[in-house]
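Chemist:
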Amino acid sequence: MKFNLYFTQIGFCFLVVSVSTVAQTSNSKNVLFLGNSYTSANNLPQMIADAAASVGDTLNYESETPGGAFLANLINFPSYYNGVSKIMNGGWDHVVMQDQSLAYSNYVPLHVNAAHQLDSCPTFHVFCKKGI
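What follows is the structure, given as C-alpha cells:
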C-alpha cells in the first residue's frame, strides 16, 4: 500500500510539473542594437538573447555597431551607416541606443540631440515601440 501511494505521489508531481510547463507562454521580442564596439564587444546582443532563452523567452535581434561610431553618425550619414534604415524596416519592440564613450566629453549638444532625434522622430515610434 505504501509502495502504491509513493508512486501515485510521484506521478502527481510529474503531472503538475508537466501541466505548469505547458501552461507557461514564452515571450518573443525583436530588438535592434545601435551603437559601436562597446555594444558588440563580447557579442553582447547574443549574451542577452541567451539570458532570455534561459527563462524560456526569445530575443530576435539585429545590430548596427561599427567601431568608434557615434549615434550622430547613424543619423547624419545614412548612406554609410544602416541604423536608420534598420529602424525603418520596422518590427522592433525595442531599440537599444549606445553612444560613443567620448560623446559627452566634447560637443554635448550634438550627441544629446542625436539620441533625442532618434527617439522623438515621429516615424521612429511607428517602426519601434520603445527606444532604450
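All the letters of the sequence shown, read from the start, carry residue numbers -23 to -1, 1 to 109 under mature numbering (1 follows the signal peptide of the UniProt record, and there is no 0). We put the beta carbon where it would ideally sit given N, CA and C, even for glycine.
Taking contact to mean at least 3 C-beta pairs separated by less than 8 Å, is the segment 49 to 65 in contact with the segment 20 to 33?
Modeler: no
Chemist: Beta strand (DSSP E) containing T35: first to last residue?
Modeler: T35 to E41
Chemist: Quick one: using the 10 Å Cβ neighbour count with 16 as the cut-off for buried, is S40 buried or exposed?
Modeler: buried
Chemist: Going straight from the alpha carbon of D27 to that of L36, what length do you get?
Modeler: Using only the alpha carbons, I get a separation of about 8 Å.
Chemist: Do V61 and Y38 have their beta-carbon atoms positioned less than 8 Å apart in this structure?
Modeler: no
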